[in-house]
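Numbering (this note's numbering), first residue to last: -1 to 82. These notes concern the structure reproduced below.
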Amino acid sequence: MPSFEELINDFAPVKSPETIKSCILVIDDDASIQRGLTTYFSNTYQVAVAGNGKEGIDMLLKTSVHCIILDIKMKGMNGFDTFP
């Protein structure tokens, strides 16, 4: 089975006409998913990464975020607990 990074290489990066980058918050406990999404979106968006739900909430308090990509199945505070 191909890795996440290998799968996203098949897709062209998303292009944005805006000069100011919007921010995407990736909340995932899998480092390969974090790297893959950061690689995919970083040309067009500012990407913030959190390794669990608690870190994600802390990031939201410090960062202006336009979109959240949230893993549902995480140890500790899962996606459903993070934003009930």
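All residues carry an ideal CB built from backbone N, CA and C; glycine is no exception.
| query | result |
| --- | --- |
| Under 8 Å: do the stretch 50 to 58 and the stretch 29 to 36 share three or more Cβ pairs, one atom per stretch? | no |
| Is the distance from the Cβ of I70 to the Cβ of F81 below 8 Å? | no |
| Check I70 in the structure and name its three-state DSSP category. | coil |
| According to DSSP, which residues form a beta bridge with L23? | A46 and I66 |
| Grouping DSSP H, G and I as helix and E and B as strand, with all else coil, what is F39? | helix |
| If we ignore side chains and look at the alpha-carbon of each, how far apart do G74 and T42 end up? | 31 Å |
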